[in-house]
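> In this note's numbering, the protein residues as written are 1 to 213.
We treat Cβ as the ideally placed atom computed from N, Cα and C, and that holds for glycine.
What follows is a single structure, and I will ask about it in a moment.
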């Protein structure tokens, strides 16, 4: 089962309904990310896209000098190493513009400054650590972004009944997740758990092997 990669903006008038679905998420730091993404906070959205793409490319750390040096040395090689989408998010420029202008000294200075500022911002927000590696906070931001995107897709298709978070049993303890298997109901899928698993595996879409119930 693969959900299509569609990004639809959530209606703010539906926030209360979504918050009902998210349950115990409201008390966590993840709720702050969710609120900012739902409200269209450009900085958090940009950061989440950059982090998502770095995970997709298997880049678990950010080294500004290495990124910049590869860019100015040979754009095509840099594109093979980092991927065009990552380079777009880290430089705030389109692929065609980067490739055309990267040998121009003035443009190089501009790109270098943007890369350094972005990485400084990620450090300040504790999305990367002192060694410039992605933190758990970064994975949370990226997973919440993916979570909301997938929720949008399902809501647009009228799919209901998905278990968004782990629910508590009658005795107050939390139920364990298990891998989805033949015979399990799709409506019992734990969406947030599934998305986190998919993200950590570097998957760009959710496959049946990622599903948890």
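#1: If I measure Cβ to Cβ from residue 214 and keep anything under 6 Å in the same chain, skipping five residues before and after, which residues do I get?
#2: Following the continuous alpha helix (DSSP H) through residue 82, name the residue where it begins and the one where it ends.
#3: Whose CA, out of 86, 116, 73, 122, lies closest to the CA of residue 104?
#4: Is the separation between the beta-carbon of residue 212 and that of residue 179 shorter than 8 Å?
#5: What does residue 179 pair with, by DSSP beta-bridge criteria?
#6: Could you check which residue in 81, 124, 32 has the C-alpha nearest to that of residue 67?
#7: Using the Cβ count rule (16 or more neighbours within 10 Å means buried), how would you classify residue 194?
#8: Assign residue 171 to buried or exposed, taking buried as 16 or more other Cβ atoms, counted over all protein chains shown, within 10 Å of its Cβ.
#9: What span of residues does the alpha helix (DSSP H) with residue 36 cover, start to end?
#10: Assuming residue 141 and residue 41 form a contact by the criterion Cβ under 8 Å, report the distance between their Cβ atoms to the nearest whole angstrom.
#11: Please name the residue, chosen from 63, 47, 209, 201, that lies closest to residue 131 on a Cα-to-Cα basis.
#12: For residue 20, which residues in the same chain have their Cβ closer than 6 Å to its Cβ, ignoring the five residues on either side in sequence?
#13: If you draw a straight line from the C-alpha of residue 115 to the C-alpha of residue 71, how long is it?
Taking the geometry as given:
#1: Because the chain spans 1 through 213 in this model, residue 214 falls outside it and cannot be assessed.
#2: As a working note, residue 82 is residue 82 in the chain shown. Segment 75-82, the alpha helix (DSSP H) holding residue 82.
#3: Taking the chain shown and counting its residues from 1, the one referred to as residue 104 is at position 104. When each option's Cα is compared against that of residue 104, the closest is 73.
#4: Position 212 of the chain shown holds residue 212. Position 179 of the chain shown holds residue 179. The answer is yes: Cβ separation under 8 Å.
#5: By 1-based counting over the chain shown, the position of residue 179 is 179. According to DSSP, which records beta bridges pairwise, residue 179 is partnered with 212.
#6: The residue given as residue 67 occupies position 67 in the chain shown. Among 81, 124, 32, the Cα nearest to that of residue 67 is on 81.
#7: Stepping through the chain shown from its first residue, residue 194 is reached at position 194. Classification for residue 194: buried.
#8: As a position in the chain shown, residue 171 is number 171, starting the count at 1. With a pLDDT of 41 at residue 171, under the threshold of 50, the modelled position of that residue is not reliable, and the figure given next carries that caveat. Label assigned to residue 171: exposed.
#9: In the chain shown, residue 36 corresponds to position 36, counting from 1. Its alpha helix (DSSP H) spans residues 29-38.
#10: Walking along the chain shown from the start, residue 141 turns up at place 141. Walking along the chain shown from the start, residue 41 turns up at place 41. Their Cβ separation, rounded to whole angstroms, is 11 Å, which puts residue 141 and residue 41 out of contact at 8 Å.
#11: If you number the chain shown from 1, residue 131 lands on position 131. Among 63, 47, 209, 201, the Cα nearest to that of residue 131 belongs to 63.
#12: Position 20 of the chain shown, counting from 1, holds the residue named residue 20. In this prediction, residue 20 has a pLDDT of 45, which is less than 50 and means its spatial position is unreliable; what the coordinates show is noted afterwards. Same-chain partners within the cutoff: there are none.
#13: In the chain shown, counting from the first residue as 1, residue 115 sits at position 115. In the chain shown, counting from the first residue as 1, residue 71 sits at position 71. Spanning the two alpha carbons is a distance of roughly 11 Å.
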